[in-house]
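Before any comments, here is the structure.
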Amino acid sequence: MLELTPREYDLLVHLLNHQQQVLTRDQLLTAVWGFDYFGDTNVVDVYIRYLRKKKIDYPFEKNS
Numbered sequence: 450m451l452e453l454t455p456r457e458y459d460l461l462v463h464l465l466n467h468q469q470q471v472l473t474r475d476q477l478l479t480a481v482w483g484f485d486y487f488g489d490t491n492v493v494d495v496y497i498r499y500l501r502k503k504k505i506d507y508p509f510e511k512n513s
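Take any residue in the sequence shown, note its place counting from 1, add 449, and you have its number in my numbering.
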């Protein structure tokens with residue numbers, strides 16, 4: 450079973466709902482963290498790294 454924090458889950462769902470689309474940090478911040486987020490935009494990179502560390506098998510990635 451994959452354990453995700455609520456924020457990791459929201460980010461993953463948003464990414465899965467927008468497959469084949471390029472999303473900016475600002476778009477991800479608005480969608481996942483909300484309009485009132487005042488902080489470093491690198492938080493998106495950090496949370497994507499968290500997801501990658503959990504070795505999630507994304508259905509849209511090719512196996513190497």
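Think of the CB as a built atom: it goes at the ideal place given N, C-alpha and C, for glycine as much as any other residue.
Own chain partners of residue i with C-beta closer than 7 Å, once the 5 adjacent residues on each side are dropped
| i | result |
| --- | --- |
| Ser513 | Here Ser513 scores only 48 on pLDDT, less than 50, and its place in the model should not be relied on; the value that follows carries that caveat. Closer than 7 Å at Cβ, skipping near neighbours: no residue. |
| Gln469 | none |
Beta-carbon spacing of residue i, residue j below 8 Å
| i | j | result |
| --- | --- | --- |
| Val493 | Arg456 | no |
| Tyr496 | Leu460 | yes |
| Thr438 | Leu472 | The requested residue 438 does not occur in the structure, where the chain is confined to residues 450 to 513. |
With 16 other Cβ atoms within 10 Å as the buried cut-off, status of residue i
| i | result |
| --- | --- |
| Tyr486 | exposed |
| Leu465 | exposed |
Where the alpha helix (DSSP H) through residue i begins and ends
| i | result |
| --- | --- |
| Asn466 | Pro455 to Asn466 |
| Gln476 | Arg474 to Leu477 |
| Val492 | Val492 to Lys502 |
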